[in-house]
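Residue numbers (the UniProt record's numbering): 1 to 157. Note that CB positions come from ideal geometry on N, CA and C, so glycine has one too. Note that the coordinates shown come from a computational prediction; the quantities given were computed from them, not determined experimentally. Step one of this worksheet: look at the structure below.
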């Protein structure tokens with residue numbers, strides 16, 4: 001399994017294909033690199049598809065800090081440097097879209113194309129008080145949370 005061993009945590013990532021053009025895929029909140037599994041049979045042979053697990057997600061380890069958008073941007077930079085990607089296509093879903101947009105703003109010269117799928121806006125999302133209370137309830141009731149996730153994210157079932 002491909003892991004990057006970083007000073008305070010381990011980053012998991014998966015690579016598919018060996019083409020000369022790279023796509024780096026960034027999943028959304030409450031997801032992992034598995035989110036992109038449905039795409040794999042459709043990736044053209046000329047591409048190398050790289051899906052990372054953001055810190056605290058999937059097989060990447062949790063950290064006590066570093067869950068800000070710009071820290072995730074730094075994490076992508078670490079991964080792309082390790083994989084020696086000078087230029088690549090960046091694909092982001094949901095919060096991964098927000099992270100990808102921020103990455104493109106900081107490292108525009110590396111980005112060949114930017115694709116955002118159901119992206120969180122650049123300035124984030126605001127929850128109503130009712131929405132915030134619902135999230136707190138789901139945190140307390142793990143069964144309800146899992147049931148909700150299965151309905152919202154059918155790929156996890």
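- Its Cα nearest to that of residue 70, the residue 99 stands out among 99, 136 and 113.
- Less than 8 Å divides the Cβ of residue 58 from the Cβ of residue 12.
- With respect to residue 90, residue 111 sits close: the two C-beta atoms are nearer than 8 Å.
- For the pair residue 102 and residue 73, the Cα-to-Cα distance works out to about 7 Å.
- For residue 48, the secondary structure class from DSSP, reduced to helix, strand or coil, is strand.
- Within the same chain, and ignoring the five residues on either side of residue 120 in sequence, the residues whose Cβ sits closer than 7 Å to its Cβ are 94, 95, 97 and 98.
- Cα atoms of residue 128 and residue 10: separation of roughly 34 Å, rounded to the nearest angstrom.
- Residue pairing by DSSP places residue 39 in no beta bridge whatsoever.
- Between the alpha carbons of residue 24 and residue 31 lies a distance of about 16 Å.
- With a beta-carbon spacing of about 4 Å, residue 16 and residue 49 fall inside the 8 Å limit used to define contacts.
- Judged by beta-carbon spacing, residue 109 lies beyond the 8 Å limit of residue 4, meaning their Cβ atoms are not closer than that value.
- By DSSP's assignment, residue 73 forms no beta bridge with any residue.
- Around residue 61, the same chain offers 9 and 10 as residues with beta carbons nearer than 6 Å, after the five sequence neighbours per side are excluded.
- Counting every other CB atom within 10 Å of its CB across the protein chains shown gives residue 106 a total below 16, marking it as exposed.
- Residue 18 and residue 136 have their alpha carbons spaced roughly 43 Å apart.
- For residue 130, the secondary structure class from DSSP, reduced to helix, strand or coil, is helix.
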